[in-house]
Each structure stands twice: as C-alpha cells, then as structure tokens.
Amino acid sequence: MTAAYSLGEAHARRRNVRFWHAFIWLLIGAIVYAVALAIALLLYPDPKDALAPVVGPSLYLTPLFGLPYLLVSARQRGWLRRVFYFTVVLTFAHIVANDLAWGYGVANFPLEPSPSDYWQHLATGAIGGFVGGALAFSFLVWMRLTPLTAGTRLIVLAGIAVLTVLGGLGMAQGLAMTDALEMPFKPSRFVFWFLCVHVPWQVAFAFGTAWLMRLRPRASA
665 MTAAYSLGEA HARRRNVRFW HAFIWLLIGA IVYAVALAIA LLLYPDPKDA LAPVVGPSLY
725 LTPLFGLPYL LVSARQRGWL RRVFYFTVVL TFAHIVANDL AWGYGVANFP LEPSPSDYWQ
785 HLATGAIGGF VGGALAFSFL VWMRLTPLTA GTRLIVLAGI AVLTVLGGLG MAQGLAMTDA
845 LEMPFKPSRF VFWFLCVHVP WQVAFAFGTA WLMRLRPRAS A
C-alpha cells in the first residue's frame, strides 16, 4: 500500500512538473508572438495585408507561440510530433479559423454604425475561437500528444468553450475599446486590437494544452 502510494505521488509530481514546464514556456511563446506581431503591424500597418487569410502576420508568425517550448523540450520523447504540431498544425488551425471568422465578418460587416455591431463582432470572434480551439485540441489527441479518456474529453470540451468565449470577447471588446477599423486609421489602435484578439486566447490555450500534455499516452513514443 505504501509503495503504491509512493508511486502515485511520484507520478503526480512528474505530471505537475510537466504541466508547469510546458505552461511557462508556452506563456513565454505567447509573449514572443505578441511582441513580433506588434512589431510587424507597426512596421507595415496595412489593414488589407494584416487581415489577409493566409499571408497576414498574425498567421505566419503562429509558430513563434510554440518555439520556446520546443527549444527547451528537445530531449523529451515525442519531440518531432510536437514540432509538427506547434509549427504546422497550429498554423493550419489558425488559417482555417481566421478564414471562416472573416468570411462571416465580411458577409455581415455593417455599412453604417448600428447597435447590433457589437454582437456581429462577438459572433465573428466566437467563430474563430471555436474553430481554432476545436481543431487544435482535436489534433493534440489525434497526434497522441495526450491520451483520449473521459477526463481529457471533458477538458477539451471545456477548453473549446472557454476559447470560443475569449475569441468573441477579444474581437468585440477589442474593437469597442479601440475603434481600430474607424478612419482615420491609427496603427497603435490596430495593434492593440489584434493583441486583444490573440493574447488572451493563446494564454488560455497554453494552459489547456499544458494540462493535457502532462498526461502521457501509454504507448507514446
């Protein structure tokens, strides 16, 4: 009984260490991404390019989010899968989420100011937050970076719900605070709005991903 208890404690400690290691370095990645995005937008503040579905800086800078964690976890097993996940998969999920969100946003963009504008922006951001979260967490399980159990299913569903809310609020509240799309165009407001959209979402995603990755599939390589 004592040996089993000690073994369970050891497993719990290792999981705790894995969580904090991943979470802290993914948070650092979110900061690196935010700084790089702000610099890119300030150096070339063209809304048409910034909002482009594939070539916008918010999309092609996506691998920076996972880069610090990848560098410090290079000797841990499953590293190549993590490299593919944080560079290719997350960029793909970001592009798809961005494309679907802006497709809805453009189709429903108000030509004149209206009291319903906030709800349109909220829906646009929620679509992006939901699609990005659903794809990112689904691939995390599919690539065996976390096991598929009843517990992880609940965490994934809760994570997607949180990311949907944060996506919507980041978009709507960011625009409400900055009027970033109003003329005359001001790059600083535009940058702050983009950070409102991305940073809270990434922080929450970092927490959920680190929490899930602390659990290792039994047959993980």
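Using my numbering, the first residue of the sequence shown is number 665, and each one after it goes up by one.
For glycine and all other residues, C-beta sits at the position ideal for the given N, C-alpha and C.
Run the CB neighbour count on residue i, radius 10 Å, all protein chains shown included, and call it buried at 16 or more, exposed below.
{"i": "T813", "result": "exposed"}
{"i": "Y733", "result": "buried"}
{"i": "S737", "result": "buried"}
{"i": "L706", "result": "exposed"}
{"i": "W857", "result": "buried"}
{"i": "N680", "result": "exposed"}
{"i": "A704", "result": "buried"}
{"i": "L876", "result": "buried"}
Which first and last residues belong to the alpha helix (DSSP H) in which residue i is found?
{"i": "G834", "result": "814-842"}
{"i": "Y768", "result": "754-771"}
{"i": "R746", "result": "743-748"}
{"i": "R853", "result": "851-877"}
{"i": "A790", "result": "781-806"}
{"i": "L725", "result": "Per DSSP, L725 belongs to no alpha helix (DSSP H) and is neither H nor E."}
{"i": "Y733", "result": "731-736"}
Do you know how far the Cα of residue j is from the Cα of residue i?
{"i": "V855", "j": "V861", "result": "10 Å"}
{"i": "P878", "j": "L809", "result": "This sequence places Arg at residue 878; Pro is not what is there. Roughly 9 Å separates the two Cα atoms."}
{"i": "H758", "j": "F849", "result": "25 Å"}
{"i": "F886", "j": "Q740", "result": "Lying before the first or after the last residue shown, residue 886 is absent from the chain, which here runs from 665 to 885."}
{"i": "A825", "j": "Y782", "result": "20 Å"}
{"i": "A787", "j": "A836", "result": "8 Å"}
{"i": "S852", "j": "L818", "result": "39 Å"}
{"i": "N772", "j": "R746", "result": "37 Å"}
{"i": "Y820", "j": "G793", "result": "One point to set straight first is that residue 820 is Val, not Tyr, in the sequence displayed. Their backbone Cα atoms lie some 13 Å apart in a straight line."}
{"i": "H685", "j": "P779", "result": "45 Å"}
{"i": "L839", "j": "E846", "result": "9 Å"}
{"i": "L744", "j": "L859", "result": "29 Å"}
{"i": "L691", "j": "P727", "result": "13 Å"}
{"i": "F803", "j": "G769", "result": "26 Å"}
{"i": "D763", "j": "Y708", "result": "21 Å"}
{"i": "G815", "j": "A822", "result": "11 Å"}
{"i": "G767", "j": "Q784", "result": "12 Å"}
{"i": "D843", "j": "F756", "result": "29 Å"}
{"i": "G872", "j": "V752", "result": "19 Å"}
{"i": "A702", "j": "V863", "result": "11 Å"}
{"i": "V829", "j": "L735", "result": "31 Å"}
{"i": "L731", "j": "R678", "result": "23 Å"}
{"i": "W689", "j": "P811", "result": "21 Å"}
{"i": "M841", "j": "G742", "result": "42 Å"}
Residue i and residue j look like a contact to me (Cβ under 8 Å); what is the Cβ gap, rounded to whole Å?
{"i": "F729", "j": "F750", "result": "7 Å"}
{"i": "A694", "j": "A870", "result": "6 Å"}
{"i": "A800", "j": "L754", "result": "6 Å"}
{"i": "Y697", "j": "L723", "result": "Not quite, the Cβ-Cβ distance comes to about 11 Å (not below 8 Å), so this is no contact."}
{"i": "W865", "j": "G834", "result": "6 Å"}
{"i": "A790", "j": "G831", "result": "5 Å"}
{"i": "L827", "j": "A765", "result": "With a Cβ gap of about 12 Å, L827 and A765 do not count as contacting."}
{"i": "G901", "j": "A761", "result": "What is shown of the chain runs 665 to 885, which leaves residue 901 out entirely."}
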